[in-house]
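Read through the structure below, which is laid out as C-alpha cells, and then see the notes.
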Amino acid sequence: MEIIKFIFFIVSLVGYTSFIRLMTSISKYHIYIVVISCQVVILYLSSLVNFLFPASLMIYFLGILLFIFSIVKAKGLTIGNLLNRLNFVTFGMLFYVGVYIAALWNQSLLHYDNFTHWATIVKFLFLEDRLPAVADRIISYNTYPVGSSLYLYYITKYVGFSEGIMLVGQFLIIAAAQFSIFGVVKDHRRLLPNAIIFASLGVMTYLNFSIRFNNLLVDLLIAILAISAISVLYLQKNNFLQISFFISIILSFLVLVKASALFFVICIIIAYLGVFIRKNRHEKNIKLYLSSLLLLLPIIFNQLWSVHVKSVFAGMASKKHDFAAGPITSVFEGRLSINQQLILNNYLKTVFSIHTLTSLQIIVIFSSFLLFSLVIGIKFKTWKTNIMVFWANVLITFLYYFGNLIMYLTAMPVEEAKRIAGFERYILTIIVINFFMFIIQGVRQLDDLFYEKNYSKRDNRSFKNFKNKNIYENATLLAIVVFLGFVISDTNGIIKQNMLQSKDQIILKKLSKEKDYGKGKFLIVSDNKELVDNYFLSYYSRYQLWNSKVDVKFDFMTSEEKFEKTIKNYDGIFLLNNHYTFKANVYKMTNKKIKPGYYPLKWFQEKDD
1 MEIIKFIFFI VSLVGYTSFI RLMTSISKYH IYIVVISCQV VILYLSSLVN
51 FLFPASLMIY FLGILLFIFS IVKAKGLTIG NLLNRLNFVT FGMLFYVGVY
101 IAALWNQSLL HYDNFTHWAT IVKFLFLEDR LPAVADRIIS YNTYPVGSSL
151 YLYYITKYVG FSEGIMLVGQ FLIIAAAQFS IFGVVKDHRR LLPNAIIFAS
201 LGVMTYLNFS IRFNNLLVDL LIAILAISAI SVLYLQKNNF LQISFFISII
251 LSFLVLVKAS ALFFVICIII AYLGVFIRKN RHEKNIKLYL SSLLLLLPII
301 FNQLWSVHVK SVFAGMASKK HDFAAGPITS VFEGRLSINQ QLILNNYLKT
351 VFSIHTLTSL QIIVIFSSFL LFSLVIGIKF KTWKTNIMVF WANVLITFLY
401 YFGNLIMYLT AMPVEEAKRI AGFERYILTI IVINFFMFII QGVRQLDDLF
451 YEKNYSKRDN RSFKNFKNKN IYENATLLAI VVFLGFVISD TNGIIKQNML
501 QSKDQIILKK LSKEKDYGKG KFLIVSDNKE LVDNYFLSYY SRYQLWNSKV
551 DVKFDFMTSE EKFEKTIKNY DGIFLLNNHY TFKANVYKMT NKKIKPGYYP
601 LKWFQEKDD
C-alpha cells in the first residue's frame, strides 16, 4: 500500500515540474529542487499561522491535478516520446534514485541525533499537524528551524509514517539538489563532463562516511543545497529575475534547515552580487536591479523563525548547547578559561592530526585541484578562474573552521567540546562544498578545452586525433565505473548496517506497537551499559513510546527497600533483556520470575506465595 501511495506522491511532484516546464523555459536540471523548495517555504509559512495540514493537502492534490492537466496539454506525449527524452543524465539519475530508494525503504534510524531531534520533530509534526509549543516537552531543541522536517512531514503524511519513508524523503531532496549540478555543463551532448559529475556523486558517498544516507542529520543536506544554489549562478541565460528567484527560494530552504546555514547563505548572496554587478554594470533597467531584492527572502524567513521562537517560547526555548564553556566576547578578547584553552588545544590537535580523516580529505581535494590548475595553466595558459575558485574556497574553508572552533569554545557542552564531539560530521559540510565547487569548475574548464569549440558542430568525429578520442572514451567509461562502484558499495553498506541494530532497539520497537504509552511514567531497564551511558536508549525510548517521562537505568545494585521504592515511582517497566541484577531484585520483591517485556506497576505489587 505504501508503494502505491509513494507513486502518487511522485506523480504529484512531477505534476508541478511538468506544468512549469510546459509553461516556462526553466532549466530541467533545477526544476525539481526549485519545486521542493517552494513547497517547503509554503509549508513553513502555513505552519507559522497554524495552517499546516490544509496547506499540505492543497499542495498534494494540486500536484496531481497539474499532472493530469500536463498530460492532456501535451497531446503528443507517448511512451515513444518519453523514451526519446531519456538521455544519459536522466537515465543515470533514475538508476541512482531508484537504487537508493530501494535500499532506504525498510531502513531503521541508527544515529543518536536522529532521536534527540531530527526524527522526533518529524513525528511530532506528523501527529500534531502544528509546530511545537512550550507544553510539548517531547521536543528537546525547539529553536531549531524546521525546513527539511516539513518536507519529511509532507511525504509521511501522504505515503505513511516510518523511518524508511523519512529517509526516502530526505534522499529525494538531496537527489533533486544533486540533479541541478548537471545544469552547469556547457554542452550536454558530451558524455564525459556528465560522467565526471556522476563519478563525483559516487565519491561523495565515501566523503559522507560519518553520516551516510540512512540518517536524517542535515550536515550533508546543507552542503548539497548550497551547491545547488551556486549552480544557478552558472545558468547561461541572462534572465536575472529567474536566476534571482531560483537562488532566493533555494537559499530560503537552506536557511530553514539549520541556523548555521546562514553562513553559506551570506557567502552565496555575495557571490551572486559579484556576478550580477559584473554582467550588468552597464544596464539601466530598474526592474533588473529590483530582481536582486529577492535575495532578501532567506534573511526575512530566518528572522520570521527568530520572531516565532521568541513569541512562542519567550526565553524558555531550549538549545542543544545550553551549557557553554564561556561567552563569545571573552574569546574575541583573548581571555580563555582553563576549559576553553583545553578545548582549543584539542581542536587544533584534531584538525592537524594525520589520523583525522576529514583533514586528509581536505588536503587531497585541494591538492588535486591545485595540480589540475597547474596542468591546465601550463598547457593551455588558463589560470585566472581556476586560481580565483581555489582561493575563494580556501577563504570560505578557513572562515568555516574558525566559526566551528567558536562553536566548540562558546556554544557546546563542556564535556562534549573537550572531546571535539561531532567534528567529522560538522566538517563534512565544507568538504562536500569544496569538492563540488572544484568539480563544477573542472567540468566547465574541460568543456572549454575540447578540440571543437563550436557546440553545434560537435559529433563523434570532433576529436583532434584517434588517440584523443580513445582517451575520451576510456575516461568516460572509467567515470561511469567509479559511479557504479561507489553507489553499489554504499547501498550494500547501508543494508548491512541496518542489521547492526541492538536487541534493545528491536524489542522496544516491538513492544511500543502493542499499545499507547503516551501517558504515564515508565522505566526502561537494560544491561547494555553503553547505550544507557551515551543517552541513545533514553532518547530512543522517548521517541518510540512518544512520552517525555521515560527514564533509562542500568545499575540496580541497591537495597531491597530502595529497589521497591524505585519501582513504585513508575506506571510500568520495560525489561529489554535478561538483566541479571534486576531479575534477582524482582524475584526478592515479588517471588516471581521475570523475562523481557512490558510490566505494569500492578504486576510488581502482586506477590506469589
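In my numbering, the protein residues as written are 1 to 609. Ideal placement from N, C-alpha and C gives every residue a C-beta, glycine not left out.
Residue burial classification, His355 (beta-carbon count within 10 angstroms, cutoff 16): Residue numbering aside, residue 355 sits at position 355 when the sequence shown is read from its first letter. Counting C-beta atoms within 10 angstroms of its own C-beta, His355 has fewer than 16 neighbours from the protein chains shown and is therefore classed as exposed.
Pairwise C-alpha distance: Tyr599 and Val394: Position 394 of the sequence shown, counted from the first residue, corresponds to residue 394. Position 599 of the sequence shown, counted from the first residue, corresponds to residue 599. Rounded to the nearest whole angstrom, the C-alpha separation of Val394 and Tyr599 is 58 angstroms.
Residue of Phe6, Phe402, Thr120 and Ile20 minimising C-alpha distance to Tyr540: Along the sequence shown, read from residue 1 onward, the residue named residue 540 stands at position 540. Nearest option by C-alpha distance: Thr120.
Inter-residue Cα distance where the pair is Lys595 and Ile573: The residue given as residue 595 occupies position 595 in the sequence shown. The residue given as residue 573 occupies position 573 in the sequence shown. If you take the alpha carbons of Lys595 and Ile573, they lie about 12 angstroms apart.
Reduced DSSP category for Leu575 - H, G, I as helix; E, B as strand; rest coil: Position 575 of the sequence shown, counting from 1, holds the residue named residue 575. DSSP places Leu575 in the strand class (E or B) of the three-state scheme.
Residues near Lys418 in its chain [Cβ-Cβ closer than 8 angstroms; skip 5 each side]: As a first step, residue 418 must be located in the sequence shown, where it is residue number 418. Hits under 8 angstroms: Asn339, Leu342, Ile343 and Asn346.
Beta-carbon proximity check, Ile440 vs Ile181, cutoff 8 angstroms: Here residue 440 refers to the residue found at position 440 of the sequence shown. Here residue 181 refers to the residue found at position 181 of the sequence shown. Their beta carbons are under 8 angstroms apart, which means Ile440 touches Ile181 by this criterion.
Extent of the continuous alpha helix (DSSP H) to which Val275 belongs: Counted from its first residue, the sequence shown places residue 275 at position 275. Segment Leu262 to Asn280, the alpha helix (DSSP H) holding Val275.
Top-ranked residue by Cα proximity to Leu104, from Met557, Met499 and Phe126: If you number the sequence shown from 1, residue 104 lands on position 104. Minimum Cα-Cα distance from Leu104 among the listed residues Met557, Met499 and Phe126 corresponds to Met499.
Inter-residue Cα distance where the pair is Leu22 and Trp118: Here residue 22 corresponds to residue number 22 of the sequence shown, with the count starting at 1. Here residue 118 corresponds to residue number 118 of the sequence shown, with the count starting at 1. When rounded, the distance between both Cα atoms is 36 angstroms.
Alpha-carbon spacing of Phe69 relative to Gly15, whole angstroms: On the sequence shown, position 69 is the one that residue 69 refers to. On the sequence shown, position 15 is the one that residue 15 refers to. Between Phe69 and Gly15, the C-alpha separation is close to 8 angstroms.
Three-state class that DSSP yields for Ile594 in the structure shown: Residue mapping note: residue 594 aligns to position 594 of the sequence shown, counting from 1. Reduced to three states, the DSSP call for Ile594 is coil.
Beta-carbon spacing of Leu159, Phe6 below 8 angstroms: The residue labelled residue 159 in the question sits at position 159 within the sequence shown. The residue labelled residue 6 in the question sits at position 6 within the sequence shown. Inspection of the sequence shows that residue 159 is occupied by Val rather than by Leu. Judged by beta-carbon spacing, Phe6 lies within the 8 angstroms limit of Val159, meaning their Cβ atoms are closer than that value.
Whole-angstrom distance between Glu424 and Val389, CA atom to CA atom: Start at 1 with the first residue of the sequence shown, and residue 389 comes out as number 389. Start at 1 with the first residue of the sequence shown, and residue 424 comes out as number 424. The alpha-carbon atoms of Val389 and Glu424 are separated by roughly 24 angstroms.
Own chain residues within Cβ distance below 7 angstroms of Ile197, not counting five before or after: Taking the first residue of the sequence shown as 1, we reach residue 197 at position 197. Hits under 7 angstroms: Ile181, Phe182, Ile439 and Val443.
Where the alpha helix (DSSP H) through Ile31 begins and ends: By one-based count along the sequence shown, residue 31 stands at place 31. From DSSP, the alpha helix (DSSP H) with Ile31 extends over Ile31 to Leu48.
Asp322 versus Ser292 - alpha carbon distance: Numbered from 1 along the sequence shown, position 322 holds the residue referred to as residue 322. Numbered from 1 along the sequence shown, position 292 holds the residue referred to as residue 292. Because Asp322 carries a pLDDT of 43, less than 50, the predicted location of this residue cannot be relied on, and the following value inherits that uncertainty. Cα to Cα, the separation comes out at about 38 angstroms.
Collapsed DSSP secondary structure at Leu304 in the structure displayed: Looking up residue 304 in the sequence shown gives position 304. The DSSP-derived three-state label of Leu304 is helix.
Simplified DSSP assignment, three categories, for Ile524: As a position in the sequence shown, residue 524 is number 524, starting the count at 1. Assigned with DSSP and collapsed to three states, Ile524 falls in strand.
C-alpha distance - Phe179 paired with Val232, whole-angstrom precision: In the sequence shown, counting from the first residue as 1, residue 179 sits at position 179. In the sequence shown, counting from the first residue as 1, residue 232 sits at position 232. Looking at the backbone, the Cα of Phe179 and that of Val232 are separated by about 12 angstroms.
Where Asp129 falls: helix, strand or coil (DSSP): Residue numbering aside, residue 129 sits at position 129 when the sequence shown is read from its first letter. DSSP places Asp129 in coil when its eight states are reduced to three.
Of the listed residues Val309, Phe276 and Leu256, nearest to Ile299 (C-alpha basis): By one-based count along the sequence shown, residue 299 stands at place 299. For Ile299, the closest C-alpha among the options Val309, Phe276 and Leu256 is that of Leu256.
Collapsed DSSP secondary structure at Val99 in the structure displayed: As a working note, residue 99 is residue 99 in the sequence shown. In this structure, Val99 counts as helix in the three-state DSSP scheme.
Close Cβ partners of Thr156 (< 8 angstroms) along its chain, the five nearest in sequence each way excluded: By one-based count along the sequence shown, residue 156 stands at place 156. Cβ neighbours of Thr156 beyond the five flanking positions: Val122, Phe126, Ser162, Ile165, Met166 and Gly169.
With 16 other Cβ atoms within 10 Å as the buried cut-off, status of Gly202: Taking the first residue of the sequence shown as position 1, residue 202 is located at position 202. Burial check for Gly202: the Cβ neighbour count within 10 Å reaches 16 or more, so the residue is buried.
Residues near Val487 by beta carbon distance below 7 angstroms, same chain, minus five either side: Position 487 of the sequence shown, counting from 1, holds the residue named residue 487. For Val487, where only same-chain residues beyond five positions count, the Cβ hits under 7 angstroms are Tyr96, Val99, Gly202 and Thr205.
Beta-carbon proximity check, Ile222 vs Phe171, cutoff 8 angstroms: The residue given as residue 222 occupies position 222 in the sequence shown. The residue given as residue 171 occupies position 171 in the sequence shown. Not a contact, by the Cβ cut-off of 8 angstroms.
Classification of Met1 by the beta-carbon crowding that lies within 10 angstroms, buried from 16 upward: For this step, residue 1 is matched to residue 1 along the sequence shown. Exposed: under 16 other Cβ atoms inside 10 Å.
When Asp516, Val550 and Gln501 are compared against Val525, the one with the closest alpha-carbon: Taking the sequence shown and counting its residues from 1, the one referred to as residue 525 is at position 525. It is Val550.
Sequence-distant residues of its chain with Cβ nearer than 6 angstroms to Gln39 (five each side left out): Here residue 39 is taken as the residue at index 39 of the sequence shown, counted from 1. Cβ within range, chain order: Ile59.
Rounded C-alpha distance that separates Arg579 from Lys553: In the sequence shown, residue 579 corresponds to position 579, counting from 1. In the sequence shown, residue 553 corresponds to position 553, counting from 1. In the sequence as displayed, the identity of residue 579 is His instead of Arg. Taking the CA atoms as reference points, His579 sits about 11 angstroms from Lys553.
Bounding residues of the beta strand (DSSP E) (the contiguous stretch that carries Asp551): In the sequence shown, counting from the first residue as 1, residue 551 sits at position 551. Counting along the chain, the beta strand (DSSP E) containing Asp551 begins and ends at Val550 to Lys553.
With 16 other Cβ atoms within 10 Å as the buried cut-off, status of Gln605: As a first step, residue 605 is located in the sequence shown; it is residue number 605 there, counting from the start. Around the beta carbon of Gln605, fewer than 16 other beta carbons sit within 10 angstroms, so the residue counts as exposed.
Coarse secondary structure for Tyr580, derived from DSSP in three states: For the purposes of this step, residue 580 is identified with residue 580 of the sequence shown, where counting begins at 1. If DSSP states are grouped into helix, strand and coil, Tyr580 belongs with the helices.
Stretch pair the segment 214 to 228 + the segment 502 to 521: three plus CB contacts closer than 8 angstroms: In short, these stretches do not touch, since the Cβ pair count stays below three.
Reference Asn404, options Ile387, Phe436, Gly422 and Gly518, closest by Cα: Indexing the sequence shown from 1 puts residue 404 at position 404. Nearest to Asn404 by alpha-carbon distance, out of Ile387, Phe436, Gly422 and Gly518, is Gly422.
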